[in-house]
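Report on the structure given below.
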Amino acid sequence: MSIDTAPANVPLDAPRRRELALALVAERGFVRVAELSRAFGVTTVTARADLDALERQGGIRRVHGGAVPLTSPLAAERPDREPSFEEALEASVEPKRLIGEHAASLVRSGQSIILDVGTTTLQVARSLRARTDLEDLVVFTNGLSIALELEAEIPRFTVVVTGGTLRPKQHSLVHPLAGSMLDEVHVDLAFIGCNGVDAAHGVTNANLPEASVKSLMMRAAARSIVVADASKLGEVHLGRIAPIDAFDGLVTDAAAPTPIVAELLDAGLAVHFARDPRVDP
């Protein structure tokens, strides 16, 4: 469905606007208030009111800047559906923050690193910013959100965006050009996000173009760390990034299921648990 659904100069009444908005959110995974305002020829105040009404009806969930689907019924109907960046940003917030802090603690001044696109790697970026001891860090990323997060740290950090074709759903850059730069560099450490970590099937992602770029990032790094909260463990998705033995470690949270962790350890993967110092001093 195109967002340009309203005929020119024909105003839509509230029920029709909300019907179309609901369909767009379900199809895209995330729709911005500003997009609905432009498409329906209404003010942003009216567009927000439409989304608020849909949320009260139980059709969507409001997030910053727009709306996402209610995850539980949608996930039940489409278990392998790729969540939008904004949906993922609202999930497992505290575990991702702790994972980001632990992963950032592995970085040293003067190193070069890759931060893959994703909400967990965004938390790594935020934790790197908080590391006031870090200097002369070079960060390559294909995530626009990560690049913008780190922009304020220039010139303390050098931020390099890979280039490539923009995927709006994740605000990521993918083929054909994303791999060109990665073929020309060799960094110290890559942090790779994913949708699934499984001892038998390896590390996987819901989107094939992004899985391909993640694989190239690993080839460009001396060491690769996968960052994934407990909900990703034992999951298998469409695109394989790499087998378990291609990674140097996993950073996950304390809720990781013990049997799955045991399988990963048996497969030779070092597992690091990000813990809350307020709970586990």
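full-length UniProt numbering puts the first residue of the sequence shown at 1, with every later residue one more than the last.
Yeah, the Cβ is synthetic: ideal placement off N, Cα and C, and Gly gets one too.
Cβ pair Arg18, Asp50 closer than 7 Å: As a first step, residue 18 must be located in the sequence shown, where it is residue number 18. As a first step, residue 50 must be located in the sequence shown, where it is residue number 50. Yes. Within cutoff.
Local Cβ density within 10 Å of Ala23, reported as buried at 16 or more and exposed below that: For the purposes of this step, residue 23 is taken as the residue at position 23 of the sequence shown. Exposed.
Going straight from the alpha carbon of Pro73 to that of Asn195, what length do you get? The residue given as residue 73 occupies position 73 in the sequence shown. The residue given as residue 195 occupies position 195 in the sequence shown. Residue placement at Pro73 is flagged as unreliable, the pLDDT there being 39, under the threshold of 50; the coordinate-derived value follows with that caveat. Distance between the alpha carbons of Pro73 and Asn195: 19 Å.
What is the DSSP secondary structure of Pro69, reduced to helix, strand or coil? As a position in the sequence shown, residue 69 is number 69, starting the count at 1. Three-state DSSP puts Pro69 in a strand.
Within 7 Å, strictly: CB atoms of residue 286 and Met217: In this structure the chain extends from 1 to 281, so residue 286 is not present and cannot be described.
Which of helix, strand or coil DSSP assigns to Leu12: The residue given as residue 12 occupies position 12 in the sequence shown. In the structure shown, Leu12 sits in coil (DSSP, three-state: anything other than H, G, I, E or B).
Leaving out five residues on either side along the sequence, give the residues of the same chain with a beta carbon under 7 Å from the beta carbon of Ala178. Position 178 of the sequence shown holds residue 178. Asn142, Thr162, Gly163, Gly164, Val213, listed in sequence order.
Who are Asn142's beta bridge partners in DSSP? Taking the first residue of the sequence shown as position 1, residue 142 is located at position 142. Paired residue(s): none; Asn142 is not in a bridge.
Compute the beta-carbon to beta-carbon distance between Ser109 and Leu134, rounded to the nearest angstrom, for a pair I have assumed lies under 8 Å. If you number the sequence shown from 1, residue 109 lands on position 109. If you number the sequence shown from 1, residue 134 lands on position 134. Correct: roughly 5 Å between the Cβ atoms.
Beta-carbon spacing of Leu36, Ala21 below 7 Å: As a working mapping, residue 36 is identified with position 36 in the sequence shown. As a working mapping, residue 21 is identified with position 21 in the sequence shown. Their beta carbons are under 7 Å apart, which means Leu36 touches Ala21 by this criterion.
Taking all protein chains shown into account, do 16 or more other C-beta atoms lie within 10 angstroms of the C-beta of Gln123, making it buried, or fewer, making it exposed? Against the sequence shown, residue 123 aligns to sequence position 123. Answer is buried; the Cβ neighbour count reaches 16.
Comparing C-alpha positions only, which one of Ile260, Ser224, His102 sits nearest to Val236? Walking along the sequence shown from the start, residue 236 turns up at place 236. For the residues Ile260, Ser224, His102, the minimum Cα distance to Val236 belongs to Ile260.
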